[in-house]
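Colleague:
Protein chains: 2
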Amino acid sequence: VNLVLIESGEADAGGTLILDGPRRDHLIEVLKVAPGQPVRVGIIDGPRGTATVETVAATTITLRCRFEDLPPPVPPVDLLLALPRPKVMRRLWAQVAALGVGQIILTNAAKVERHYFDSHVLAPATYRPLLIEGLQQARDTRVPRVSIHRQFRALIEDQLDTLYPDGLRLVAAPGARTPPSAAVDERGGGRVLLAIGPEGGWNPFETALLAAHGFRAVSMGARTLRTDTACVAMLALVHAAG
Amino acid sequence: VNLVLIESGEADAGGTLILDGPRRDHLIEVLKVAPGQPVRVGIIDGPRGTATVETVAATTITLRCRFEDLPPPVPPVDLLLALPRPKVMRRLWAQVAALGVGQIILTNAAKVERHYFDSHVLAPATYRPLLIEGLQQARDTRVPRVSIHRQFRALIEDQLDTLYPDGLRLVAAPGARTPPSAAVDERGGGRVLLAIGPEGGWNPFETALLAAHGFRAVSMGARTLRTDTACVAMLALVHAAG
Numbered sequence: 001v002n003l004v005l006i007e008s009g010e011a012d013a014g015g016t017l018i019l020d021g022p023r024r025d026h027l028i029e030v031l032k033v034a035p036g037q038p039v040r041v042g043i044i045d046g047p048r049g050t051a052t053v054e055t056v057a058a059t060t061i062t063l064r065c066r067f068e069d070l071p072p073p074v075p076p077v078d079l080l081l082a083l084p085r086p087k088v089m090r091r092l093w094a095q096v097a098a099l100g101v102g103q104i105i106l107t108n109a110a111k112v113e114r115h116y117f118d119s120h121v122l123a124p125a126t127y128r129p130l131l132i133e134g135l136q137q138a139r140d141t142r143v144p145r146v147s148i149h150r151q152f153r154a155l156i157e158d159q160l161d162t163l164y165p166d167g168l169r170l171v172a173a174p175g176a177r178t179p180p181s182a183a184v185d186e187r188g189g190g191r192v193l194l195a196i197g198p199e200g201g202w203n204p205f206e207t208a209l210l211a212a213h214g215f216r217a218v219s220m221g222a223r224t225l226r227t228d229t230a231c232v233a234m235l236a237l238v239h240a241a242g
Numbered sequence: 243v244n245l246v247l248i249e250s251g252e253a254d255a256g257g258t259l260i261l262d263g264p265r266r267d268h269l270i271e272v273l274k275v276a277p278g279q280p281v282r283v284g285i286i287d288g289p290r291g292t293a294t295v296e297t298v299a300a301t302t303i304t305l306r307c308r309f310e311d312l313p314p315p316v317p318p319v320d321l322l323l324a325l326p327r328p329k330v331m332r333r334l335w336a337q338v339a340a341l342g343v344g345q346i347i348l349t350n351a352a353k354v355e356r357h358y359f360d361s362h363v364l365a366p367a368t369y370r371p372l373l374i375e376g377l378q379q380a381r382d383t384r385v386p387r388v389s390i391h392r393q394f395r396a397l398i399e400d401q402l403d404t405l406y407p408d409g410l411r412l413v414a415a416p417g418a419r420t421p422p423s424a425a426v427d428e429r430g431g432g433r434v435l436l437a438i439g440p441e442g443g444w445n446p447f448e449t450a451l452l453a454a455h456g457f458r459a460v461s462m463g464a465r466t467l468r469t470d471t472a473c474v475a476m477l478a479l480v481h482a483a484g
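The listed protein sequences derive, respectively, from chains A and B. Here our numbering is used: position 109 in the first sequence is 109, and no number is missing along the way. So our numbering is basically just the index in the second sequence, starting at one, shifted up by 242.
#1: Which residues in chain B sit within 9 Å of R64 of chain A, going by Cβ to Cβ distance?
#2: Using CA coordinates, which residue listed in A:L237, A:G200, A:T107 is at the minimum distance from P422 of chain B?
#3: If we ignore side chains and look at the alpha-carbon of each, how far apart do D267 of chain B and L451 of chain B end up?
#4: Can you pull the chain A residues whose beta carbon is under 7 Å from the beta carbon of G342 of chain B, in chain order?
#5: Could you spell out where the alpha helix (DSSP H) holding S461 of chain B opens and where it closes?
#6: Buried or exposed, going by whether 16 or more other CB atoms sit within 10 Å of the CB of D185 of chain A?
#7: Which one of A:C65, A:R142, A:A109, A:D45 has the shortest CA to CA distance from V96 of chain A?
#8: Counting only Cβ-Cβ distances shorter than 7 Å, please list the residues of the segment 345–371 of chain B near chain A, keeping chain order.
#9: So, do the segment 304–322 of chain B and the segment 355–369 of chain B have three or more beta carbon pairs nearer to each other than 8 Å?
#10: Distance cutoff 8 Å, beta carbons only. Does R468 of chain B sit that close to anything in chain A?
#11: On a Cα-Cα basis, can you pick out the residue from A:V53, A:G49, A:A172, A:P144 that is closest to G100 of chain A?
#12: Which bits of chain A does D382 of chain B rub up against, with CB to CB less than 8 Å?
#13: Between the alpha carbons of R370 of chain B and T162 of chain A, how many angstroms are there, rounded?
#14: Is the Cβ of H26 of chain A closer than 8 Å to any Cβ of chain B?
#15: Are the C-beta atoms of N244 of chain B and some chain A residue less than 8 Å apart?
#16: Could you compute how far the alpha carbon of I398 of chain B sits from the alpha carbon of L225 of chain A?
#17: Nearest chain A C-beta to S461 of chain B closer than 8 Å, yes or no?
#18: Quick one, which of A:A154, A:T60, A:G46, A:T52 has its alpha-carbon nearest G21 of chain A's?
#19: Can you confirm whether A504 of chain B, when its beta carbon is compared against all beta carbons of chain A, has any partner nearer than 8 Å?
#20: Kindly list the residues whose CB is nearer than 6 Å to the CB of G439 of chain B, restricted to its own chain and excluding five residues on each side of it in sequence; keep chain order.
#21: Whose C-alpha, out of B:P314, B:T258, B:T349, is nearest the C-alpha of R308 of chain B?
#22: Using a 10 Å radius around the Cβ and a threshold of 16 neighbouring Cβ atoms, would you call L312 of chain B buried or exposed?
#23: Residues of chain B with a CB under 9 Å from the CB of T16 of chain A: which are they?
#24: Using 8 Å as the threshold, is the C-beta distance between T178 of chain A and A340 of chain B below it?
#25: Who are the neighbours of Q137 of chain A on chain B, taking C-beta pairs under 9 Å?
#26: Which of helix, strand or coil does DSSP assign to D470 of chain B?
#27: What residues in its chain sit with their C-beta under 7 Å from that of G442 of chain B, if we drop five residues either side in the sequence?
#28: Give a yes or no on whether the minimum CB-CB distance between Q279 of chain B and chain A is below 8 Å.
#29: Quick one: list the residues of chain A neighbouring L479 of chain B, beta-carbon separation under 7 Å, in chain order.
#30: Give me the Cα-Cα distance between A217 of chain A and G9 of chain A, rounded to the nearest whole angstrom.
#31: Which of the three DSSP states is assigned to L3 of chain A in this structure?
#32: Find the residues of chain C that neighbour P421 of chain B, judging by a C-beta separation of less than 9 Å, and give them in chain order.
#33: Which residues, in chain order, does the segment 82–96 of chain A contribute to contact with chain B at a C-beta distance below 7 Å?
#34: What residue range does the beta strand (DSSP E) around R114 of chain A cover?
#35: Can you list the alpha helix (DSSP H) stretches of 4 or more residues lying completely in the segment 7–61 of chain A, in chain order?
#36: L479 of chain B by DSSP, collapsed to three states: which one?
Written out as C-alpha cells, the structure reads:
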C-alpha cells in the first residue's frame with residue numbers, strides 16, 4: 001500500500017482519522033509507522049493528502065490528515081474487455097485499477113463461456129476491494145466505473161455511445177499493423193477506449209461490428225498474448241502514448 | 243496453444259511426428275483438429291513450421307511437419323528481475339516468455355526474502371514447462387536462458403558483463419523522468435536489458451550500484467505498480483520502442 005484510501009466521512013472536519021482493523025494493522029505491522037511519521041492518504045473518489053500519525057493504541061491508530069483541494073484527474077483510458085474466466089478476472093481487477101482506467105466495460109462474446117457471468121468475481125463486494133487495492137498501490141483515488149453486459153451486440157449498437165460518448169476507439173488485434181502509439185498520436189489527445197477480446201479472439205461478426213462502430217485495430221506485434229498479459233501490456237502502451 | 247512445440251528429434255527425418263498424451267489430447271479436444279488440417283508446430287530452440295494431421299488414433303495423433311530453414315531470432319530484450327515471491331514468480335514465467343526475452347536473470351536484493359530462493363518455482367522442472375507454455379502462446383521457439391543469483395553485488399560487479407556483454411541497460415524506477423521509448427530511441431538498436439526491482443524497491447546501495455554499472459532509470463509515469471504488473475508493462479514498452 002502506497003496510499004491509504006478511506007471513505008469520505010471517515011476523517012472528521014478537522015482532519016482527524018481513527019483507523020482500526022486491517023488498515024490499522026497494515027500501517028503498524030507492514031508500513032511500521034510510529035507517532036510523528038507521515039502517511040499518504042486519500043479519500044475514495046476524492047483528493048489525496050498527507051496524514052501524520054498522532055497516536056498508536058492497542059486496537060486503533062489516530063492520524064491527522066490534510067487533503068489537497070482537488071481529486072486527481074480520471075485516467076484518460078477506458079477498457080472494454082471480453083469477460084475472461086473468473087480466475088483471470090480476479091487477478092485483473094487490481095492490475096487494471098493500478099494501471100489506471102476511467103471505466104471497465106465487461107462484455108460477453110462468442111468465445112466467452114456463459115457461466116463466467118455467474119461468478120462472484122463480478123459482484124461489487126468482491127471486485128471493489130480489489131479495485132481499491134490497485135488504487136492504493138498506484139496512489140490513485142478514482143475507482144473505475146464498472147458495467148457488465150451480457151449482450152455484445154446491444155452493448156456496441158445501443159449502449160456504448162452513452163457509456164463512451166467521445167474519443168478514440170481501439171481494438172487489440174494480433175497481426176494488425178498499427179501500433180497503439182501511432183493511433184493515439186494521430187488523434188492527438190482525448191480519451192481512448194481499448195477493447196481486448198476473449199482467448200481465441202473475436203469472431204468475424206464481432207470484429208465487423210467493432211469496425212463498423214469506429215474501433216481501429218492495433219497490435220503490439222506478431223506475438224499472441226493471453227488476455228491478462230495483453231490487457232496489462234496494451235494498457236501500458238496506450239497510457240505511454242497519451 | 244497457438245503453436246505446438248516439440249523437442250528436437252521428436253519428428254523423424256521425413257517430418258513424421260507422432261504425439262501421445264496431453265499434447266495429443268489438446269490437439270483433438272481443444273484445437274479440435276481432424277485429418278488434413280494444418281497445425282502450427284515448432285522445434286524448441288529451432289525453426290517453426292506447419293504440420294498436416296495425417297491420422298488420429300485412440301491414443302496418438304500423427305502429423306507430417308515441414309519446418310522453415312532458420313529459427314526465429316532471439317528477442318532483443320533481456321530481463322533482470324529481483325526475485326518476487328514464489329506465487330508471483332510462478333505466474334510470471336509464461337507471461338515473460340510470451341512477451342519475449344532472450345534471458346531472465348533473477349537476483350537477490352535487500353527487500354527480497356531469502357526463503358524465496360528455496361522455492362520449487364526456481365527448479366527447471368517447474369519453470370521450463372511454464373516457459374514453453376508462454377512460447378506456445380506467442381508462437382516462439384526460443385526458450386529464455388535463466389540464471390539465478392543469490393548475491394546482487396557479485397552479479398552486478400562480476401558476472402553481468404559476461405551474461406550481458408553489450409547493449410542498453412535500463413532500470414525501472416517510479417518517478418524517473420525518461421520513458422523507456424526515449425532511452426531506446428537514443429541508443430538506436432541493439433539489445434536492451436531491463437531491470438525490475440523488488441516490491442518496496444531497490445535500496446540506496448543497490449540503486450547506486452546499478453547506476454555505476456550503466457543502468458539508466460526509466461519510468462512509465464507516477465503510478466507505482468506491483469512487480470508482476472510492472473514487469474509485463476515495462477517489457478511491452480521496451481519491445482514497442484525497439
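A virtual CB, placed ideally from N, CA and C, is assigned to each residue, including glycine.
Modeller: Inspection of the coordinates gives the following:
#1: Simply none; closest approach about 24 Å.
#2: Considering only A:L237, A:G200, A:T107, the residue with the shortest C-alpha distance to P422 of chain B is A:L237.
#3: For D267 of chain B and L451 of chain B, the distance between alpha carbons rounds to 50 Å.
#4: Under the 7 Å cutoff, chain A gives R223.
#5: Counting along the chain, S461 of chain B falls outside any alpha helix (DSSP H), and DSSP gives it neither H nor E.
#6: D185 of chain A sits exposed, since fewer than 16 C-beta atoms from the chains shown fall within 10 Å of its C-beta.
#7: The residue among A:C65, A:R142, A:A109, A:D45 with its C-alpha nearest the C-alpha of V96 of chain A is A:R142.
#8: Residues passing the 7 Å Cβ filter: none.
#9: Segment contact: the segment 304–322 of chain B against the segment 355–369 of chain B, fewer than three CB-CB distances shorter than 8 Å; contact not assigned.
#10: Chain A contact via Cβ: present.
#11: Comparing Cα positions, the closest option is A:P144.
#12: Result: R223.
#13: Distance between the alpha carbons of R370 of chain B and T162 of chain A is about 47 Å.
#14: No - not a single Cβ of chain B is within 8 Å of the one on H26 of chain A.
#15: Closer than 8 Å: yes.
#16: Going from the Cα of I398 of chain B to the Cα of L225 of chain A covers about 31 Å.
#17: Not a single CB atom of chain A sits nearer than 8 Å to the CB of S461 of chain B.
#18: Taking G21 of chain A as reference, the option from A:A154, A:T60, A:G46, A:T52 with the minimal CA-CA separation is A:T60.
#19: Residue 504 of chain B is absent from the structure shown; chain B starts at 243 and stops at 484.
#20: Cβ neighbours of G439 of chain B beyond the five flanking positions: A324.
#21: Checked all of B:P314, B:T258, B:T349; the closest Cα to R308 of chain B is B:T258.
#22: Looking at its Cβ environment, which holds fewer than 16 other Cβ atoms inside 10 Å, L312 of chain B is exposed.
#23: Within chain B, no C-beta atom comes less than 9 Å from the C-beta of T16 of chain A; the nearest is roughly 27 Å away.
#24: No, these two residues do not count as a Cβ contact at 8 Å.
#25: Those within 9 Å of Q137 of chain A in chain B are R465, T466, L467, R468, T471.
#26: Residue state, collapsed to three classes: helix.
#27: The beta carbon of G442 of chain B sits closer than 7 Å to the beta carbons of K353 from its chain, once the five residues preceding and following it are set aside; these are given in chain order.
#28: Q279 of chain B does not count as touching chain A.
#29: Within chain A, the residues A236, L237, A240 have their CB atoms less than 7 Å from the CB of L479 of chain B, given in chain order.
#30: Here the alpha carbon of A217 of chain A sits roughly 44 Å from the alpha carbon of G9 of chain A.
#31: It is coil, neither helix nor strand.
#32: Protein chains in the displayed structure are A and B, and chain C is not among them.
#33: Taking 7 Å as the Cβ-Cβ cut-off against chain B, the residues of the segment 82–96 of chain A that qualify are Q95.
#34: For R114 of chain A, there is no enclosing beta strand (DSSP E), as DSSP gives it neither H nor E.
#35: Here the runs fully enclosed are 21–25.
#36: In the structure shown, L479 of chain B adopts helical secondary structure according to DSSP, grouped into three states.
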